[in-house]
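Notes follow once the structure below has been shown.
In my numbering, the protein residues as written are 2 to 170.
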(Lines of atoms letter the chains of each structure in order from A and count residues from 1; the text may use other names and numbers.)
(Lines give C-alpha, C1' and ligand atoms only; values in the text may rest on other atoms or scores of the structure.)
Protein backbone atom coordinates (compact mmCIF):
# COMPACT_ATOMS: atom_id res chain seq x y z
CA UNK A 1 0.00 0.00 0.00
CA UNK A 2 2.89 2.36 0.82
CA UNK A 3 4.46 1.72 -2.59
CA UNK A 4 1.24 2.71 -4.37
CA UNK A 5 0.91 5.84 -2.23
CA UNK A 6 4.56 6.84 -2.86
CA UNK A 7 4.17 6.14 -6.57
CA UNK A 8 1.05 8.32 -6.78
CA UNK A 9 2.78 11.11 -4.81
CA UNK A 10 5.83 10.85 -7.08
CA UNK A 11 3.72 11.18 -10.25
CA UNK A 12 1.74 14.06 -8.74
CA UNK A 13 4.98 15.87 -7.83
CA UNK A 14 6.39 15.30 -11.33
CA UNK A 15 3.17 16.53 -12.95
CA UNK A 16 3.08 19.57 -10.66
CA UNK A 17 6.74 20.42 -11.37
CA UNK A 18 6.18 20.04 -15.13
CA UNK A 19 3.08 22.25 -15.09
CA UNK A 20 4.92 25.25 -13.61
CA UNK A 21 6.92 26.60 -16.49
CA UNK A 22 8.00 30.20 -16.54
CA UNK A 23 8.17 32.26 -19.66
CA UNK A 24 10.31 35.37 -19.55
CA UNK A 25 8.32 38.55 -19.91
CA UNK A 26 9.58 42.11 -19.77
CA UNK A 27 7.58 45.29 -20.15
CA UNK A 28 9.64 47.65 -22.32
CA UNK A 29 9.13 50.45 -24.80
CA UNK A 30 10.66 48.52 -27.70
CA UNK A 31 12.62 45.40 -28.50
CA UNK A 32 11.90 42.09 -30.10
CA UNK A 33 11.38 38.36 -29.71
CA UNK A 34 12.74 36.00 -32.33
CA UNK A 35 12.47 32.20 -32.70
CA UNK A 36 14.03 29.82 -35.19
CA UNK A 37 14.72 26.06 -35.07
CA UNK A 38 14.05 25.67 -31.37
CA UNK A 39 16.01 28.76 -30.34
CA UNK A 40 14.57 32.03 -29.12
CA UNK A 41 16.09 35.42 -28.45
CA UNK A 42 14.39 38.33 -26.73
CA UNK A 43 15.73 41.83 -26.34
CA UNK A 44 14.48 45.08 -24.92
CA UNK A 45 15.60 48.65 -25.34
CA UNK A 46 16.33 50.88 -22.32
CA UNK A 47 16.83 47.99 -19.94
CA UNK A 48 19.82 46.43 -21.70
CA UNK A 49 18.39 42.92 -21.27
CA UNK A 50 19.42 39.96 -23.41
CA UNK A 51 17.97 36.50 -22.72
CA UNK A 52 18.30 33.43 -24.89
CA UNK A 53 16.38 30.19 -24.41
CA UNK A 54 17.46 26.93 -25.99
CA UNK A 55 15.12 23.97 -25.76
CA UNK A 56 15.49 20.44 -27.03
CA UNK A 57 12.82 17.93 -26.11
CA UNK A 58 12.28 18.21 -22.38
CA UNK A 59 15.46 20.20 -21.70
CA UNK A 60 15.28 23.99 -21.53
CA UNK A 61 18.26 26.30 -20.96
CA UNK A 62 17.67 30.00 -20.38
CA UNK A 63 20.62 32.34 -19.93
CA UNK A 64 21.33 36.01 -20.32
CA UNK A 65 22.19 39.21 -18.58
CA UNK A 66 20.48 42.36 -17.48
CA UNK A 67 22.34 45.59 -16.98
CA UNK A 68 20.06 48.09 -15.27
CA UNK A 69 22.18 51.12 -16.11
CA UNK A 70 24.32 52.20 -19.03
CA UNK A 71 27.82 52.84 -17.70
CA UNK A 72 28.95 55.09 -20.57
CA UNK A 73 31.51 57.81 -20.24
CA UNK A 74 29.97 61.19 -19.68
CA UNK A 75 30.79 64.51 -18.12
CA UNK A 76 28.05 66.24 -16.20
CA UNK A 77 27.44 69.83 -17.11
CA UNK A 78 27.48 71.95 -14.00
CA UNK A 79 26.06 75.44 -13.74
CA UNK A 80 28.81 77.99 -14.23
CA UNK A 81 29.24 80.62 -11.54
CA UNK A 82 32.58 81.83 -12.83
CA UNK A 83 31.55 85.10 -14.46
CA UNK A 84 31.97 83.55 -17.93
CA UNK A 85 29.02 82.92 -20.25
CA UNK A 86 29.26 81.34 -23.71
CA UNK A 87 26.36 81.57 -26.13
CA UNK A 88 24.71 80.32 -28.27
CA UNK A 89 25.35 76.66 -27.60
CA UNK A 90 25.05 74.78 -29.93
CA UNK A 91 26.34 77.25 -32.48
CA UNK A 92 27.32 77.49 -36.15
CA UNK A 93 30.92 78.53 -35.53
CA UNK A 94 30.29 82.03 -34.20
CA UNK A 95 30.44 82.09 -30.42
CA UNK A 96 30.02 85.00 -28.00
CA UNK A 97 32.05 85.11 -24.79
CA UNK A 98 30.59 87.33 -22.07
CA UNK A 99 32.87 88.05 -19.10
CA UNK A 100 32.32 89.97 -15.89
CA UNK A 101 35.53 90.68 -13.98
CA UNK A 102 36.26 93.14 -11.20
CA UNK A 103 39.83 93.73 -12.46
CA UNK A 104 41.69 94.20 -15.72
CA UNK A 105 43.12 90.86 -16.84
CA UNK A 106 44.88 88.95 -19.60
CA UNK A 107 42.52 86.33 -21.01
CA UNK A 108 43.56 83.09 -22.73
CA UNK A 109 40.95 81.13 -24.68
CA UNK A 110 41.74 77.58 -25.82
CA UNK A 111 39.44 75.16 -27.63
CA UNK A 112 40.08 71.41 -27.56
CA UNK A 113 38.53 68.67 -29.69
CA UNK A 114 37.08 65.43 -28.32
CA UNK A 115 40.48 63.74 -28.07
CA UNK A 116 42.19 66.65 -26.36
CA UNK A 117 44.02 68.37 -29.23
CA UNK A 118 44.15 72.15 -29.07
CA UNK A 119 42.34 73.42 -32.19
CA UNK A 120 41.94 77.14 -31.39
CA UNK A 121 43.85 79.71 -29.33
CA UNK A 122 43.23 83.40 -28.66
CA UNK A 123 44.67 85.94 -26.22
CA UNK A 124 43.28 89.38 -25.39
CA UNK A 125 43.06 92.02 -22.65
CA UNK A 126 39.90 92.33 -20.56
CA UNK A 127 38.91 95.69 -19.09
CA UNK A 128 37.15 95.80 -15.70
CA UNK A 129 33.40 95.17 -15.89
CA UNK A 130 31.18 93.31 -18.35
CA UNK A 131 32.65 92.77 -21.83
CA UNK A 132 31.57 90.64 -24.77
CA UNK A 133 34.00 89.08 -27.24
CA UNK A 134 33.29 87.26 -30.50
CA UNK A 135 35.07 84.00 -31.25
CA UNK A 136 35.20 82.78 -34.86
CA UNK A 137 35.21 78.97 -34.77
CA UNK A 138 33.82 78.52 -38.30
CA UNK A 139 36.99 76.70 -39.40
CA UNK A 140 36.18 73.83 -37.01
CA UNK A 141 34.14 70.85 -38.16
CA UNK A 142 30.85 69.78 -36.61
CA UNK A 143 31.22 68.18 -33.20
CA UNK A 144 31.68 68.60 -29.49
CA UNK A 145 34.53 70.74 -28.19
CA UNK A 146 35.80 71.94 -24.82
CA UNK A 147 36.59 75.61 -24.35
CA UNK A 148 38.93 76.72 -21.59
CA UNK A 149 38.95 80.33 -20.42
CA UNK A 150 41.75 81.55 -18.16
CA UNK A 151 41.88 85.11 -16.85
CA UNK A 152 45.03 86.23 -15.02
CA UNK A 153 46.34 89.48 -13.56
CA UNK A 154 50.04 89.49 -12.78
CA UNK A 155 50.18 85.64 -12.54
CA UNK A 156 47.21 85.59 -10.15
CA UNK A 157 44.40 83.40 -11.48
CA UNK A 158 41.06 85.23 -11.48
CA UNK A 159 39.00 82.77 -13.51
CA UNK A 160 39.74 79.32 -14.86
CA UNK A 161 36.75 77.53 -16.36
CA UNK A 162 36.13 74.81 -18.91
CA UNK A 163 32.81 74.35 -20.72
CA UNK A 164 31.47 72.05 -23.40
CA UNK A 165 30.37 73.61 -26.70
CA UNK A 166 28.74 72.03 -29.75
CA UNK A 167 29.35 73.23 -33.29
CA UNK A 168 26.75 72.40 -35.91
CA UNK A 169 27.12 73.91 -39.41
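We treat Cβ as the ideally placed atom computed from N, Cα and C, and that holds for glycine.
Quick caveat: nothing in here was measured; it's all calculated off a predicted structure.
- When rounded, the separation of the alpha-carbon atoms in residue 128 and residue 148 is 21 Å.
- Residue state for residue 165 is assigned as strand, using DSSP reduced to three classes.
- Take the alpha-carbon of residue 87 and the one of residue 156: they are about 24 Å apart.
- The C-alpha of residue 59 is placed about 21 Å away from the C-alpha of residue 10.
- The beta carbon of residue 122 lies closer than 6 Å to those of 111 in the same chain, with the five residues before and after it left out.
- The shortest CA-to-CA distance from residue 84 to any of 166, 167, 95, 132 is the one to 132.
- In this structure residue 99 is exposed. Its beta-carbon is surrounded by fewer than 16 other beta-carbon atoms within 10 angstroms.
- The alpha-carbon separation between residue 153 and residue 162 amounts to approximately 12 Å.
- Rounded to whole angstroms, the separation of the alpha carbons of residue 139 and residue 95 is 6 Å.
- Ranked by how close their Cα comes to the Cα of residue 91, the residues 36, 169, 107 have 169 in first place.
- By the Cβ neighbour-count rule, residue 102 is buried, with 16 or more other Cβ atoms within 10 Å of its own.
- DSSP places residue 102 in the strand class (E or B) of the three-state scheme.
- Residue range 119-127 is occupied by the beta strand (DSSP E) that includes residue 127.
- Membership of residue 152 in the beta strand (DSSP E) is indicated by the continuous run 144-154.
- When the alpha-carbon of residue 116 is set against those of 164, 8, 145, the nearest one is in 145.
- Residue 166 counts as buried, since no fewer than 16 other beta carbons sit within 10 angstroms of its beta carbon.
- In the structure shown, the three-state DSSP call for residue 159 is strand.
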